[in-house]
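Student:
Numbering (full-length UniProt numbering), first residue to last: 1 to 295.
#1: Would you decide whether residue 146 is buried or exposed? Buried here means 16 or more other CB atoms lie within 10 Å of its CB.
#2: Whole-angstrom Cβ separation of residue 47 and residue 219, contact assumed at under 8 Å?
#3: Which ranges does the alpha helix (DSSP H) cover as unbroken runs of at least 4 residues, wholly within the stretch 112-140, from first to last along the chain?
#4: Could you tell me which residues DSSP pairs with residue 145 in its beta bridges?
#5: Starting from the Cα of residue 192, find the closest Cα among 242, 237, 98, 213 and give me that residue.
#6: In terms of residues, what are the limits of the alpha helix (DSSP H) holding residue 61?
#7: Please name the residue, chosen from 244, 43, 137, that lies closest to residue 144 on a Cα-to-Cα basis.
#8: With residue 266 as the anchor, note down where its alpha helix (DSSP H) starts and where it stops.
#9: Measuring CA to CA, which of 166, 135, 164, 162 is closest to residue 155?
#10: Can you tell which of 223, 194, 172, 195 has its C-alpha closest to the C-alpha of residue 206?
#11: Taking Cβ to Cβ, would you say residue 184 is nearer than 8 Å to residue 150?
#12: From residue 157 to residue 270, what distance separates their C-alpha atoms?
#13: Where does the unbroken beta strand (DSSP E) through residue 190 begin, and where does it stop?
#14: Can you give me the Cβ contacts of residue 264 inside the same chain, cut-off strictly under 6 Å, excluding the 5 residues immediately before and after it?
#15: Do the stretch 48-56 and the stretch 116-131 make contact, defined as three or more Cβ pairs closer than 8 Å?
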């Protein structure tokens, strides 16, 4: 009884120390140094916190399991090591039912727990909005992106990253990288299609990516919550210039979004681009394709 009393009192300072350490963590540290978080600013999307929470909580649980496992292993190595003068095998223990039940039940609880929380969060993340305020079709192609702004009936046609011959080695012309513009605080539904081979739409700071499969439309539903520019790329090896299949996402105010749509309309980009297969021929060092060639 006295031993349990001591253990209880020993746990109090440990818990207090842990709470103090966590309270002093920055947003970046609390979210496991994942992208998408800035001190004093909201997360990039409405789902970023949920994804980060699942990731960091999983690692915390696994770290505790690892520390216990490593501790027991080191303890067994030290306590039951062969001493000087000892010969033969130590006393063998078999069929310890409590330990065997423990080693069966604990992993089962962990697996069921991870599955339950993952299924719960996945259902929330993958749920489509009943009435999205903005609908955009994203078309992946070798090796660039086209964006159809469905509500406004305008589009942009992209080309893959172009080397900047006047800049440092390996740098690209940033103005040539396709840009997807989203209004902040709006329910956005992205319809993801591929024109040729399998691609993957990945916005790094969203902590979220989804495959784009020819003949199948996948959907991504998000609410952008922080104005800024975020890098995106294809996350599925799709051919020779896969590394140049880049894009940016600009989250802007509603007024700036409307101005951008008006600029596309003024530039003659009215209508919607189709999924007809025509390979993007704008390879590094060549001139930009025409509308028909690039789409």
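The beta carbon of each residue, even a glycine, is placed where N, CA and C say it ideally should be.
Tutor: Taking the geometry as given:
#1: The residue given as residue 146 occupies position 146 in the chain shown. It is buried - the Cβ of residue 146 has at least 16 other Cβ atoms within 10 Å.
#2: Position 47 of the chain shown, counting from 1, holds the residue named residue 47. Position 219 of the chain shown, counting from 1, holds the residue named residue 219. Their Cβ separation, rounded to whole angstroms, is 13 Å, which puts residue 47 and residue 219 out of contact at 8 Å.
#3: Listed in chain order, there is nothing to give.
#4: Position 145 of the chain shown, counting from 1, holds the residue named residue 145. Note: residue 145 sits in a beta bridge opposite 140.
#5: Here residue 192 is taken as the residue at index 192 of the chain shown, counted from 1. The residue with the shortest Cα to Cα distance from residue 192 is 213.
#6: Translated into positions along the chain shown, residue 61 becomes position 61. Where residue 61 is concerned, the enclosing alpha helix (DSSP H) starts and stops at 48-79.
#7: Taking the first residue of the chain shown as 1, we reach residue 144 at position 144. 244 is the residue among 244, 43, 137 whose C-alpha sits nearest the C-alpha of residue 144.
#8: Locating residue 266 in the chain shown gives position 266, counting from the first residue. Taken as a continuous stretch (DSSP letters only), the alpha helix (DSSP H) holding residue 266 covers 254-266.
#9: The count along the chain shown starts at 1 and reaches residue 155 at position 155. When each option's Cα is compared against that of residue 155, the closest is 135.
#10: Mapped onto the chain shown, residue 206 falls at position 206. Out of 223, 194, 172, 195, 223 has the C-alpha closest to the C-alpha of residue 206.
#11: As a working note, residue 184 is residue 184 in the chain shown. As a working note, residue 150 is residue 150 in the chain shown. For residue 184 and residue 150, no; Cβs fall outside 8 Å.
#12: Against the chain shown, residue 157 aligns to sequence position 157. Against the chain shown, residue 270 aligns to sequence position 270. Note on geometry: alpha-carbon atoms of residue 157 and residue 270 lie some 11 Å from one another.
#13: Taking the first residue of the chain shown as 1, we reach residue 190 at position 190. Its beta strand (DSSP E) spans residues 188-194.
#14: Along the chain shown, one-based indexing puts residue 264 at 264. The residues are 154.
#15: Short answer: they touch.
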